[in-house]
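Participant:
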Amino acid sequence: MILHVDMDAFYASVEERDRPELAGKPLIVGGSPEGRGVVAAANYAVRKFGVHSAMPTATALKRCPHAIVVRPRMDRYADVSAAIRDLFIKYTPLVEPLSLDEAFLDVTGSEGLFGSAVEIAHKLKREIRESLKLVASVGVAPNKFLAKIASDLDKPDGLVVVDPDRVQEFLAPLPVRRLWGVGRVTGRVLEQLGVGTIGQLRQMPLDELRQRFGKSGEHLWELAHGIDDRAVIPDHEAKSISHETTFPADIEDPEVLRACLLGLTEQVARRLRQQSLRGRVVQIKLRFADFRTITRSKKLPQPTDSTELLWQTASKLLATSLTDTHVSFRLLGMGVSDIEHVRLSQGTLFDDPQDHSQLDAVSDTIRDRFGTDAIQRGSSLGGGAGSKKETR
Amino acid sequence: MRIQCHRPSLATAFQVVSGVVPSRTPREILKNVKLQAIDGKAVLIGTDQEVGIRYEIPGVEIESPGETLLPTNRLISILRELQDEGVNIEVSDGRVMVRSGQSEFGLSAEDPAEFPEVAAFDAEQYHVVTGEAIQAGIRRTSFATDVESTRYAMGGILLELKSDSVALAATDSRRLAVCHLACRSHGIEEPANPSPVIPAKAMTLIERSISDEIEEVLIAVHANDVLIKCGNTTIYSRLVEGRFPKYADVIPKDPKVTVDLVVAPFYSAVRQAQIVTNEESRGVDFVFSNGLLTLNSQAADIGQSKVELPISYDGDELAITFDPRYVAEFLRVLDSEKPLTLSLIDGESAAVFRTDDAYTYVVMPLSRDR
């Protein structure tokens, strides 16, 4: 059985926990409203006002003028994320992080030791609440796709179990847009065909889906039948490590995309270093508003785990991809592949001004030992250099 | 223009000049070579605008002078397939006619005036080295360059020119190759640029242009470019911009241990040790103990190897880990029966190899800590 653990309003919850005076108040984690900052995360108190992530902070403050805005502290969230993962690996080594706040766990081999998958899910939720003072929603299902849908159904603080013998019953009433790969465009086409729920989609023959949607039609057919064979792949066995973000609203501003890419790059680089891995191929992924998806990659002369080197390459790839203005995007991803395990490192004769490995190592150590607040990057989501933590 | 050529000589000329012709370029005209037949000499010219070459073709009879552009790859194919010894090239009505035996090719040609100039060697001030010495010097350094480097001028070979000697140095910052040659200078009082960095591509072209009959190579360095004359071939190159690292500082001054070795058995041991390495575990441990050098390597999923070599060493055991490729690349350019020395400080510091003919090679080891 697979668990999908999704932390509820993760960045905002960490801030509320670290600063009790914020708890329960409408809270936005994001960039400054004076600049072109956007909302990175919103707690449940502010979501009631219609605030959601990737919305410009200025718009969010119009909807909820008394909201408190704090600057994101990605390093802090990465630390908390690492602590959550330490809880996971007590139950199974098969942990596949999707981002800082979600992960898949394959607990099939752990059930004999720790009880059923559902019991493990309860224990994890309790441990996350007691030791980290955070709330998670968990989906328990026979595969990744179902577990991910399940974790999202009863947020926050949800625990939804998909019985392997009742998968069809579980899926049938859900709207088709719950399926991966079905967004506005595919959703509209399906609605025109009178298909609104996954149950209705299942009635469509494979051939017809293939005709209408090509290769992704087959994928839709499989998902509608609850089929998903992908294994949970832990980082240290991964051939690649990547993170991606789907924006709730399409994004056009190149600066916002850059800031978002930097956040993704930092997460990927930190995961590489945690696992003593280095990657050689840097890739970015962009999905346009019309669902066209492009990937751009570059092979580096040497494998690296340096945030700075990965960022230089990723930001160049982004810049060359954003040739047309006024194009908006719904998804951004960053990944590293051609990964090798670090055993030996080649010494160098001359100092490399671009070599930040010591900086990375030192800042990782500081964060591991003391938490994060002293070590932060000058730029972050939507906030320009020099912008400080802000409260309103 | 109308000329009569010796086909094998013309084919050789095309082979040499095509070394600079870019296969991909935004300027299509650069995919051509220019054939110039004036003043009783036929010269084939190619350039990618960084590096250019002028090659004087021997055995050409100029019936009427002139110049034309020729599509490089097409001409190479034609010259390869023709059977007769003689080839006639004629330009008429904007077309190039290539005739040989029973065959005739008519090719459209672009305007030779559009082709960028490649300077001829007319310098009064230059350095002179023997062809043999510079050829060896280039072979001994060019493999250590790093054309991808963006921070230092490592994409070429540094020449440090003095009135009676020249040092060649190349590095990719993981290893450094330096060799010294004798030279003489001609007409130089105050050198315009005593330490140019010449692109690896141009240096390789020079190395290939030197044949046995070429005794002397003339090198004229200017502020931003260099002209080199090897016999009837002239090579023009822009210099690599940027700063070459201060290489002399990283050559270990007083190593603790020096071991005498002979190229062939040492190279053989390194090549054997290299077999059981892979991308993930490239390292080979070089362990120096009493009378014995042991090369240990192991790689997950492959296995391990141990190769022993008797050496004259009686100090404390000393171990250092190298990427064997960096050692093998150095040994490959040496004569197999020659002696060399390897000097070490410890397992973490740069190691230095030296030959008895003023060639120094420094390698940084692999380290385990991080």
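Chains A and D, in that order, give the protein sequences.
For the first sequence, position 261 matches number 261 in our numbering, and the numbering has no gaps at all.
For the second sequence, position 268 matches number 268 in our numbering, and the numbering has no gaps at all.
Note that beta-carbon positions come from the ideal geometry of N, C-alpha and C, so glycine has one too.
1. Cβ of D/L344 within 7 Å of any heavy atom in the ligand PLP?
2. Report yes if the C-beta distance between D/A300 and D/S281 is below 8 Å; otherwise report no.
3. By the 10 Å Cβ neighbour count, where 16 or more other Cβ atoms means buried, how is A/P164 classified, buried or exposed?
4. Is A/R296 near A/Q283, with beta carbons less than 8 Å apart?
5. If we cut at 8 Å on Cβ distances, does A/T348 have a partner in chain D?
6. Which residues, in order along the segment 279-294 of chain D, keep a beta-carbon less than 8 Å from a beta-carbon of chain A?
7. Examine chain D for any beta-carbon lying closer than 8 Å to the beta-carbon of A/S345, and answer yes or no.
8. Counting only Cβ-Cβ distances shorter than 7 Å, please list the residues of the segment 56-75 of chain D near chain A, keeping chain order.
9. From what residue to what residue does the alpha helix (DSSP H) around A/M7 run?
10. Where do the ends of the beta strand (DSSP E) carrying D/P372 lie?
11. So, helix, strand or coil for A/C64, using DSSP?
12. Hey, could you find the ends of the alpha helix (DSSP H) D/P265 is sitting in?
13. Which residues bound the beta strand (DSSP E) around A/H122?
14. Would D/P255 pass as an interface residue toward chain A - the criterion being a Cβ-Cβ separation below 8 Å?
15. In the DSSP assignment, find the unbroken alpha helix (DSSP H) run with D/G137 in it and report its ends.
16. Please classify A/L193 as buried or exposed, where buried requires at least 16 other C-beta atoms within 10 Å of its C-beta.
17. Could you list the residues in the segment 234-261 of chain A with a C-beta less than 9 Å from some C-beta on chain D, going in chain order?
18. Counting only beta-carbon atoms, is A/E340 nearer than 8 Å to chain D?
19. Can you pull the chain A residues whose beta carbon is under 7 Å from the beta carbon of D/P245, in chain order?
20. Can you give me the Cβ contacts of D/S209 inside the same chain, cut-off strictly under 6 Å, excluding the 5 residues immediately before and after it?
21. DSSP three-state call for D/H222: helix, strand or coil?
22. Can you pull the chain A neighbours of D/I323, defined as C-beta to C-beta under 9 Å?
23. Taking C-beta pairs closer than 7 Å, name the residues in chain A that D/P365 reaches, listed in chain order.
24. Can we say the segment 327-334 of chain D touches the segment 259-269 of chain D, given the rule of at least three CB pairs closer than 8 Å?
25. Please classify D/M97: does DSSP put it in a helix, a strand, or coil?
26. Following the continuous alpha helix (DSSP H) through A/Q211, name the residue where it begins and the one where it ends.
27. In chain A, which residues lie less than 7 Å from D/L342 when you measure between Cβ atoms?
28. Are the C-beta atoms of A/P301 and some chain D residue less than 8 Å apart?
29. Would you decide whether A/L223 is buried or exposed? Buried here means 16 or more other CB atoms lie within 10 Å of its CB.
30. I think D/E63 touches D/Q135, with their Cβ atoms under 8 Å apart; what is that distance to the nearest whole Å?
31. Which same chain residues, not among the five before or five after D/G291, have their C-beta less than 8 Å away from its C-beta?
32. Per DSSP, which one or two residues make a beta bridge with D/K34?
33. Closer than 8 Å, CB to CB, is A/S13 near chain D or not?
34. Any Cβ of chain A within less than 8 Å of the Cβ of D/L176?
35. Along chain A, which residues have their Cβ under 8 Å away from the Cβ of D/E148?
36. My assumption, with CB atoms under 8 Å, is that A/F104 sits in contact with A/I2. Please give the rounded CB distance.
Facilitator: So, from the data block:
1. As for the ligand PLP, it is missing from this structure, which has no ligand bound.
2. Position 300 of the second sequence, counted from the first residue, corresponds to residue 300 of chain D. Position 281 of the second sequence, counted from the first residue, corresponds to residue 281 of chain D. Taking 8 Å as the Cβ cut-off, D/A300 and D/S281 qualify as a contacting pair.
3. If you number the first sequence from 1, residue 164 of chain A lands on position 164. With fewer than 16 other Cβ atoms from the protein chains shown falling within 10 Å of its own Cβ, A/P164 counts as exposed.
4. Along the first sequence, read from residue 1 onward, the residue named residue 296 of chain A stands at position 296. Along the first sequence, read from residue 1 onward, the residue named residue 283 of chain A stands at position 283. The answer is yes: Cβ separation under 8 Å.
5. For the purposes of this step, residue 348 of chain A is taken as the residue at position 348 of the first sequence. Taking 8 Å as the CB threshold, A/T348 lines the interface with chain D.
6. From the segment 279-294 of chain D, only E279, E280, S281, R282 and G283 have a Cβ closer than 8 Å to chain A.
7. Along the first sequence, one-based indexing puts residue 345 of chain A at 345. Chain D, which has a Cβ nearer than 8 Å to the Cβ of A/S345, makes this yes.
8. Against chain A - using a Cβ distance shorter than 7 Å - the segment 56-75 of chain D contributes no residues.
9. As a position in the first sequence, residue 7 of chain A is number 7, starting the count at 1. Per DSSP, A/M7 lies in no alpha helix (DSSP H) segment; the continuous beta strand (DSSP E) that holds it begins and ends at I2 to M7.
10. Summary: the structure shown does not reach residue 372 of chain D, with chain D confined to residues 1 through 370, and so no result is reported for it.
11. Taking the first residue of the first sequence as 1, we reach residue 64 of chain A at position 64. Residue state, collapsed to three classes: coil.
12. The residue you call residue 265 of chain D lines up with position 265 of the second sequence. Where D/P265 is concerned, the enclosing alpha helix (DSSP H) stretches over V263 to I275.
13. What you label residue 122 of chain A is simply residue 122 of the first sequence in a count that begins at 1. No beta strand (DSSP E) holds A/H122; the alpha helix (DSSP H) holding it covers A117 to L132.
14. On the second sequence, residue 255 of chain D is found 255 positions in, with the first residue counted as 1. By this cut-off, D/P255 is not an interface position.
15. For the purposes of this step, residue 137 of chain D is taken as residue 137 along the second sequence, with counting starting at 1. In the DSSP assignment, D/G137 falls within the alpha helix (DSSP H) that extends over G131 to T141.
16. Position 193 of the first sequence, counting from 1, holds the residue named residue 193 of chain A. Exposed, since its Cβ has fewer than 16 Cβ neighbours within 10 Å.
17. Cβ proximity to chain D below 9 Å picks out nothing from the segment 234-261 of chain A.
18. On the first sequence, residue 340 of chain A is found 340 positions in, with the first residue counted as 1. Interface residue, yes.
19. Counting from 1 along the second sequence, the entry for residue 245 of chain D is found at position 245. From the beta-carbon of D/P245, the residues of chain A found nearer than 7 Å are F350.
20. Your numbering for residue 209 of chain D matches position 209 in the second sequence. So the list reads C230 and T233, once near-sequence residues are dropped.
21. Along the second sequence, read from residue 1 onward, the residue named residue 222 of chain D stands at position 222. Of the three classes helix, strand and coil, the one that applies to D/H222 here is coil, per DSSP.
22. Locating residue 323 of chain D in the second sequence gives position 323, counting from the first residue. The question names Ile, but residue 323 of chain D is Asp in the sequence shown. From the beta-carbon of D/D323, the residues of chain A found nearer than 9 Å are L344 and Q346.
23. Looking up residue 365 of chain D in the second sequence gives position 365. What D/P365 touches in chain A: G347.
24. In the pairwise beta carbon analysis, the segment 327-334 of chain D is classified as touching the segment 259-269 of chain D: at least three pairs are separated by under 8 Å.
25. To locate residue 97 of chain D, count along the second sequence from 1; it is residue 97. The three-state reading of DSSP puts D/M97 in strand, counting E and B together.
26. Position 211 of the first sequence holds residue 211 of chain A. Per DSSP, A/Q211 belongs to the alpha helix (DSSP H) from L206 to F213.
27. Here residue 342 of chain D refers to the residue found at position 342 when the second sequence is read from its first residue. Within chain A, no residue has its beta carbon less than 7 Å from that of D/L342; the closest one is some 17 Å off.
28. Numbered from 1 along the first sequence, position 301 holds the residue referred to as residue 301 of chain A. At a cut-off of 8 Å, the C-beta of A/P301 has a neighbouring C-beta in chain D.
29. Residue mapping note: residue 223 of chain A aligns to position 223 of the first sequence, counting from 1. Counting other Cβ atoms within 10 Å of its Cβ, A/L223 reaches 16 or more and is therefore classed as buried.
30. Against the second sequence, residue 63 of chain D aligns to sequence position 63. Against the second sequence, residue 135 of chain D aligns to sequence position 135. So it is not a contact: roughly 36 Å between Cβ atoms.
31. What you label residue 291 of chain D is simply residue 291 of the second sequence in a count that begins at 1. The residues are P310, I311, S312, Y313 and D314.
32. Taking the first residue of the second sequence as 1, we reach residue 34 of chain D at position 34. According to the DSSP secondary-structure assignment, D/K34 is paired through a beta bridge with D/I45 and D/L69.
33. Locating residue 13 of chain A in the first sequence gives position 13, where the first residue counts as 1. So, not an interface residue.
34. If you number the second sequence from 1, residue 176 of chain D lands on position 176. Interface criterion met: the Cβ of D/L176 is under 8 Å from a Cβ in chain A.
35. If you number the second sequence from 1, residue 148 of chain D lands on position 148. At a beta-carbon threshold of 8 Å, the residues of chain A lying near D/E148 are P301, ordered along the chain.
36. Position 104 of the first sequence, counted from the first residue, corresponds to residue 104 of chain A. Position 2 of the first sequence, counted from the first residue, corresponds to residue 2 of chain A. With 8 Å as the limit, A/F104 and A/I2 qualify as a contact, their Cβ atoms being about 6 Å apart.
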